[in-house]
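Protein chains in written order, with my numbering: chain A, 32 to 159; chain B, 32 to 159.
Protein chains: 2
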Amino acid sequence: MRPKSPTLTPQELEIMKIVWQLGSVTVRDVYEALLVERRIAYTTVMTMMKILEEKGHLKKRRQDRAYVYHAAQPQNTVIRGMIREFVDRVFNGSAEPLLLHLVRDRRIREKDLEKIARMIQEETTGRR
Amino acid sequence: MRPKSPTLTPQELEIMKIVWQLGSVTVRDVYEALLVERRIAYTTVMTMMKILEEKGHLKKRRQDRAYVYHAAQPQNTVIRGMIREFVDRVFNGSAEPLLLHLVRDRRIREKDLEKIARMIQEETTGRR
DNA sequence: CTTGACATACGAATTCGTTAGTACTATTCT
DNA sequence: AGAATAGTACTAACGAATTCGTATGTCAAG
Chain A
32 MRPKSPTLTP QELEIMKIVW QLGSVTVRDV YEALLVERRI AYTTVMTMMK
82 ILEEKGHLKK RRQDRAYVYH AAQPQNTVIR GMIREFVDRV FNGSAEPLLL
132 HLVRDRRIRE KDLEKIARMI QEETTGRR
Chain B
32 MRPKSPTLTP QELEIMKIVW QLGSVTVRDV YEALLVERRI AYTTVMTMMK
82 ILEEKGHLKK RRQDRAYVYH AAQPQNTVIR GMIREFVDRV FNGSAEPLLL
132 HLVRDRRIRE KDLEKIARMI QEETTGRR
């Protein structure tokens, strides 16, 4: 079966972040987590999670009266798909310009930059 | 209600790419460039460019009978904004995880990785 | 001067993302 | 048992994004 669309809409992503963080959740769990940030209706969360389940991002099983949801794919896989879609859409598939932007725009703390530079060194020397 | 996109929507971006590449364009120029990739109506392009002008991404001036459009902001500025929005939405504002994904997923050719590693070295040693 | 080419203006249809109300069911509390 | 509570299903609605048709105006060639 063809894998479902790797991209999530903004609100879908918000919900998936909570699911990835908590592991197994009910609609109520997600609802309460979202309530901390903003006003939202319980049924809205339910609708979104039903859609996410239809799209293959969530799996559910019944437990007592309510459904318990869990992520169908690991976070890394989905995030990787979103990055790929972004790189394709904005940079026609080549990641170098994005990397250059990130490095140049000082959006990253210096010590992290250095850490990453070391990591690149290891990766590149390790695979030849 | 779907929130109004603060950045460029996919189709808007497609048009802006053409504008940035060509400099000054008429609707027809963009229409013909898009036709190479896919079927689209002339009036669709016109509508999109009108919207882009209303949103402040394009400027127009009359020349003979038609409008000539040009980008209101340089490509780098707009792309930077899109990256920022993406990092905020997907990574809660921190760019390191994105960088890590890019480096780890081998989406980048080795020589480019090395080039970037050197660039980081210069940047980080240069600013302390 | 009429016709054809080409431009814009206007508006409308469609799909999608997002939000939420209402009806109904099942469980729990008094 | 009857009421309150908590869950799902179904439906509706709205705005944003995308697409394009029709009406209309203008200019130039025959």
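Backbone N, C-alpha and C fix where the C-beta goes; we use that ideal spot for every residue, glycine too. The structure presented is a predicted model; accordingly, all values stated were derived computationally and were not measured.
- Y67(B) in three-state terms, based on DSSP: Sequence inspection shows Val at residue 67(B); the Tyr mentioned does not correspond to that position. Three-state result, V67(B): coil.
- Message: Please tell me whether V67(A) has its Cβ less than 8 Å away from any Cβ of chain B.
- Response: no
- Closest residue to A97(B) among Q106(B), P105(B), K81(B), N107(B) (Cα-Cα distance): K81(B)
- Message: What does DSSP give as the partner residue(s) for Y100(B) in the beta ladder?
- Response: V56(B), K91(B)
- Query: Looking at the unbroken alpha helix (DSSP H) that takes in D119(A), where does it start and where does it end?
  - Reply: 106 to 122
- Message: What does the alpha-carbon distance come out to for the pair K90(A) and V50(A)?
- Response: 11 Å
- Message: Below 8 Å on the Cβ atoms is my contact criterion, and I expect L133(A) with A126(B) to pass it. Report the Cβ-Cβ distance as a whole number of Å.
- Response: 5 Å
- Item | T108(B) burial status per 10 Å Cβ neighbour count (16 or more: buried) | exposed
- Reducing DSSP to helix, strand and coil, say where I82(A) ends up. helix
- Item | Closer than 8 Å to chain A by CB, H88(B) | no
- Item | Collapsed DSSP secondary structure at M77(B) in the structure displayed | helix
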